[in-house]
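**Student:** If you read the protein sequences in the order shown, they are chains A and B.
Using this note's numbering, you'd call the opening residue of the first sequence number 1 and step up by one each time.
Using this note's numbering, you'd call the opening residue of the second sequence number 1 and step up by one each time.
We put the beta carbon where it would ideally sit given N, CA and C, even for glycine.
Quick caveat: nothing in here was measured; it's all calculated off a predicted structure.
2 protein chains.
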Amino acid sequence: MSHMGYCCLMAVDRDHVLRTAAALLTRKSTATMDEVARAAGISRATLHRQFAGRDALVRALEALGIAECEAALDAARPDEGPARDAVHRLIREIEPAAGLLAFLYTENQLFEGEEQNQGWTRIDERIEALFRRGQRSGEFRIDLSPAWLTEALYGLMASGAWAVGEGRVAPKDFTYMIVELLLGGALRREEP
Amino acid sequence: MSHMGYCCLMAVDRDHVLRTAAALLTRKSTATMDEVARAAGISRATLHRQFAGRDALVRALEALGIAECEAALDAARPDEGPARDAVHRLIREIEPAAGLLAFLYTENQLFEGEEQNQGWTRIDERIEALFRRGQRSGEFRIDLSPAWLTEALYGLMASGAWAVGEGRVAPKDFTYMIVELLLGGALRREEP
DNA sequence: CCTGCATGAGACATTGATGTCTCACATGGG
DNA sequence: CCCATGTGAGACATCAATGTCTCATGCAGG
């Protein structure tokens with residue numbers, strides 16, 4: 001029967017299109033639907049059959065970004081072990097989605113007062129809880145609010161993704177640089 | 001003669017329009033020329049007489065951002081005293097322009113391969129030189145490249161401006177949070 | 001071989017932003 | 001008072017992106 005074939009093929013194509021679109025829109029956030037389609041190797045008509053308009057595409061990208069963030073949070077086990085190790089795991093797990101996240105981070109301003117951001121709210125809460133745990137355990141300083149630390153994590157991820165894309169930093173250093181700066185800061189310390 | 005009056009009035013209006021446009025575009029980067037005009041309290045026609053199109057407006061905003069960054073760098077005296085104090089002064093001086101910088105930071109991707117970015121190159125070099133000086137003096141760690149520290153500074157500034165705009169952090173904490181995170185990191189230390 | 005179906009290509013109308021124009025107003029200087 | 005100039009309002013054409021449509025093609029399954 002053709003029903004199963006239809007579903008499976010659409011699913012893999014849909015995911016491929018989303019990945020390609022994310023990669024393109026990360027570099028050029030004003031890319032045309034035609035450019036997105038050509039980058040994915042499909043026609044504009046097919047792109048429109050899968051995503052009814054640019055809005056739907058960005059929404060799907062947002063859903064993908066939320067799903068990847070949740071998956072990264074699950075894989076990072078933010079409640080286990082020292083908080084600093086959990087932050088390290090989180091950034092490592094979230095690295096593959098950094099480009100997509102950077103795009104969504106700058107694009108989210110357009111979705112003011114929408115409903116989907118409750119997904120982001122939940123992610124914010126989980127990350128903030130991680131920082132709060134680190135503060136309670138005495139690992140993290142308490143004069144920087146969890147909300148700001150979360151925001152800074154997003155900003156550093158976006159900067160890192162952008163810097164890697166521009167060739168200013170090596171991709172292999174991505175996680176290290178973000179973790180070290182976010183946790184350790186730029187100042188040189190006596191005791192490591 | 002009307003020539004002087006023409007110049008002076010245009011100059012102050014132009015600056016006011018730029019400030020308003022910067023504030024608006026920071027919140028809504030896709031704002032229409034009409035919205036920009038109304039936000040500035042002028043008509044679309046007058047806006048068009050001052051800036052021949054959206055492109056010219058963004059270019060002018062970029063020039064303004066570059067000028068403010070240069071001025072902040074000059075005022076911060078990046079070559080004097082401990083590097084960490086110079087970084088603190090730099091962030092404090094650059095704070096009023098943070099919103100504009102955040103907008104340009106996300107918009108700059110559109111100006112790939114243009115000529116104006118040589119202004120940014122010069123600013124990058126000055127900031128990188130500051131971090132390099134801190135590394136040579138032993139104040140800053142050497143495993144984080146000056147390029148990355150500069151990029152991180154931009155990212156934290158953008159995050160801070162965005163967070164303040166969203167009300168997630170208090171405006172008065174802006175400089176402190178950025179300086180402390182960038183230099184000190186999130187980890188709690190024994191010796192301050 | 002034949003049929004159904006997804007696709008690609010392209011035409012077409014629509015929409016929104018933009019650039020350009022004209023005209024009336026009002027404000028300030030001669 | 002009169003005139004010049006900047007301005008606001010609006011009409012209009014333009015242009016690019018978009019959404020929708022049709023049709024031919026290629027391909028897989030029966």
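By how many angstroms is the C-alpha of Val164/A removed from the C-alpha of Asn117/A?
**Tutor:** Each residue's alpha carbon lies about 27 Å from the other.
**Student:** Just the chain B side, please: which residues come within less than 7 Å of Trp148/A by C-beta, in chain order?
**Tutor:** Those within 7 Å of Trp148/A in chain B are Ala163, Val169 and Met177.
**Student:** Find the residues of chain B that neighbour Arg141/A, judging by a C-beta separation of less than 9 Å, and give them in chain order.
**Tutor:** Those are Glu180, Gly184, Gly185, Ala186, Leu187, Arg188 and Arg189, listed as they occur along chain B.
**Student:** State the DSSP-derived secondary structure class of Leu187/B, mapped to helix, strand or coil.
**Tutor:** It is a strand residue.
**Student:** Rank Asp85/A, Lys28/A and Thr32/A by C-alpha distance to the C-alpha of Leu100/A and give the top, closest one.
**Tutor:** Minimum Cα distance to Leu100/A is reached at Lys28/A.
**Student:** Using the beta-carbon of each residue, which ones in chain A are nearer than 9 Å to Arg84/B?
**Tutor:** Per Cβ cutoff of 9 Å: Ala186 and Leu187.
**Student:** How long is the line joining the alpha carbons of Arg44/B and Gly65/A, rounded to whole angstroms?
**Tutor:** Between Arg44/B and Gly65/A, the C-alpha separation is close to 38 Å.
**Student:** Can you tell me whether Ala21/B is buried or exposed? The criterion is at least 16 other CB atoms within 10 Å of its CB, across all chains shown.
**Tutor:** When all chains shown are included, Ala21/B counts as buried.
**Student:** Identify the contact partners of Thr121/B in chain A, using a Cβ-Cβ distance below 8 Å as the criterion.
**Tutor:** The contacting residues do not exist; Thr121/B stays about 12 Å from chain A at best.
**Student:** Can you give me the C-alpha to C-alpha distance between Leu156/A and His16/A, rounded to a whole angstrom?
**Tutor:** Rounded to whole angstroms, Leu156/A to His16/A spans 27 Å at the Cα level.
**Student:** Do you know how far the Cα of Ser137/B is from the Cα of Arg59/A?
**Tutor:** About 49 Å.
**Student:** Verify whether the separation of the beta carbon atoms of Leu90/A and Pro78/A is less than 8 Å.
**Tutor:** Contact flag set, yes.
**Student:** With DSSP run on the structure shown, which of helix, strand or coil describes Arg14/B?
**Tutor:** Of the three classes helix, strand and coil, the one that applies to Arg14/B here is helix, per DSSP.
**Student:** Give me, in chain order, the residues of the same chain whose beta-carbon lies closer than 6 Å to that of Glu93/B; leave out the 5 immediate sequence neighbours on both sides.
**Tutor:** So the qualifying residues of the chain are Ala72, Ala75 and Ala76.
**Student:** Using C-beta distances below 7 Å, list every residue in its chain close to Gly134/A, excluding the 5 sequence neighbours before and after it, in chain order.
**Tutor:** Contacts found: Ala83, Arg84 and Phe140.
**Student:** Tell me the DSSP secondary structure of Phe140/A in three-state form.
**Tutor:** Of the three classes helix, strand and coil, the one that applies to Phe140/A here is strand, per DSSP.
**Student:** Using 8 Å as the threshold, is the segment 143–162 of chain B in touch with the segment 172–192 of chain A, meaning 3 or more CB pairs across them?
**Tutor:** The segment 143–162 of chain B, when compared against the segment 172–192 of chain A, does touch it at the 8 Å Cβ threshold.
**Student:** List the residues of chain A that Thr106/B touches, going by C-beta distances under 7 Å, in chain order.
**Tutor:** Per Cβ cutoff of 7 Å: Thr106.
**Student:** Could you confirm whether any beta carbon from chain A is found closer than 8 Å to the beta carbon of Leu18/B?
**Tutor:** Closer than 8 Å: no.
**Student:** Assign Gly160/B to buried or exposed, taking buried as 16 or more other Cβ atoms, counted over all protein chains shown, within 10 Å of its Cβ.
**Tutor:** Under this definition Gly160/B is a buried residue.
**Student:** Here's the rule: buried if 16 or more other CB atoms are within 10 angstroms of the residue's CB, otherwise exposed. What is Glu95/B?
**Tutor:** Buried: at least 16 other Cβ atoms inside 10 Å.
**Student:** Would you give the residue range spanned by the alpha helix (DSSP H) that Thr150/B belongs to?
**Tutor:** Residues Pro146 to Glu166.
**Student:** Leaving aside the five residues before and after Glu68/A along the sequence, list all residues of the same chain whose C-beta is less than 6 Å from its C-beta, in chain order.
**Tutor:** Counting only Cβ-Cβ distances below 6 Å, and skipping sequence neighbours, we find Ala97.
**Student:** Please go through the same chain and pick out, in chain order, the residues whose beta-carbon is closer than 6 Å to the beta-carbon of Ile123/B, but skip the five residues on each side of it.
**Tutor:** Cβ neighbours of Ile123/B beyond the five flanking positions: Cys69.
**Student:** Please identify, using Cβ separations under 7 Å, the residues of the segment 70–97 of chain A that lie next to chain B, in order along the chain.
**Tutor:** Here the close residues are Arg84.
**Student:** Relative to the C-alpha of Arg54/B, which candidate in Thr121/B, Glu180/B, Ala63/B and Thr32/B has its C-alpha closest?
**Tutor:** Out of Thr121/B, Glu180/B, Ala63/B and Thr32/B, Thr32/B has the C-alpha closest to the C-alpha of Arg54/B.
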